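Protein chains: 2
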Amino acid sequence: MWRAEMRVTLKPGVLDPQGRAVRQKLANLGWTGVSDVRVGKFLELLLEAPDRAAAVALVEEMGRRLLANPVLEDFSFDLEER
Amino acid sequence: MWRAEMRVTLKPGVLDPQGRAVRQKLANLGWTGVSDVRVGKFLELLLEAPDRAAAVALVEEMGRRLLANPVLEDFSFDLEER
Chain A
1 MWRAEMRVTL KPGVLDPQGR AVRQKLANLG WTGVSDVRVG KFLELLLEAP
51 DRAAAVALVE EMGRRLLANP VLEDFSFDLE ER
Chain B
83 MWRAEMRVTL KPGVLDPQGR AVRQKLANLG WTGVSDVRVG KFLELLLEAP
133 DRAAAVALVE EMGRRLLANP VLEDFSFDLE ER
């Protein structure tokens, strides 16, 4: 059993209205030293795979085909055996 | 300047309909070996702080007061100096 932690982030240059709203709200609350906020997704997956290479290939393909939008988003992940 | 990466995740036991939908969709696409998916948020913050201890305290407080819902969510973060 493998546990993957995947970060899905907007590509550099893609506008992030949610991040801007969070930054504005932080500033309103007095945290004026925050110059940028970007909001992405954090996915935790449990999966079966015979070895690390197979698990990497699976998660890579799931990220490319479903979990991230390849036009707007990048993704990266870590894997640990359970 | 400090860069924080924060992971905001549903507490164990809190139902995650979005994660369940992703798992179902993965299964429909043939990835039947995925037994669990949890979906959280991934935040990237750039902030000013005089040192690491101050940056940790700031991010900790922002997480507690705004970025995570303390009833439903946990958060953790890493910091690097820029």
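Keeping their order, the protein sequence lines are chains A and B. At position 34 of the first sequence the residue is numbered 34 (our numbering), and the sequence of numbers has no breaks. At position 54 of the second sequence the residue is numbered 136 (our numbering), and the sequence of numbers has no breaks. From the three backbone atoms N, C-alpha and C, an ideal C-beta is built for every residue, glycine too. Small disclaimer: the values here were computed from a predicted structure and weren't measured.
Measure how close the beta-carbons of E87 of chain B and E142 of chain B come, nearest whole angstrom, since I'm counting them as under 8 Å.
At roughly 14 Å, the Cβ-Cβ gap does not stay under 8 Å, so E87 of chain B and E142 of chain B are not in contact.
Three or more C-beta pairs closer than 8 Å, one from the region 59-74 of chain A and one from the region 98-111 of chain B: is that the case here?
Two segments are said to touch when three or more pairs of C-beta atoms, one from each, lie closer than 8 Å; by this definition the region 59-74 of chain A touches the region 98-111 of chain B.
Quick one: residues in its chain with C-beta nearer than 8 Å to the C-beta of V116 of chain B, no 5 flanking neighbours on either side, listed in chain order?
The beta carbon of V116 of chain B sits closer than 8 Å to those of R105, L108 and A109, all from its chain and outside the five residues before and after it, given in chain order.
Cutting at 6 Å between CB atoms, please list the residues of its own chain near R134 of chain B, excluding the five before and the five after it.
Leaving aside the five residues that flank R134 of chain B on each side, none in its chain has a CB nearer than 6 Å to its CB.
Return helix, strand or coil for K41 of chain A, following the three-state DSSP convention.
Strand.
Those residues which DSSP pairs with A86 of chain B across a bridge:
Looking at the DSSP output, A86 of chain B bridges to B:L127 and B:L161.
Just to confirm, is the Cβ distance from G95 of chain B to V121 of chain B under 8 Å?
No, Cβ-Cβ distance for G95 of chain B and V121 of chain B is not below 8 Å.
Can you pull the chain B residues whose beta carbon is under 8 Å from the beta carbon of L41 of chain A, in chain order?
Contrary to the premise, residue 41 of chain A reads as Lys rather than Leu in this sequence. Simply V121, G122, K123 and F124.
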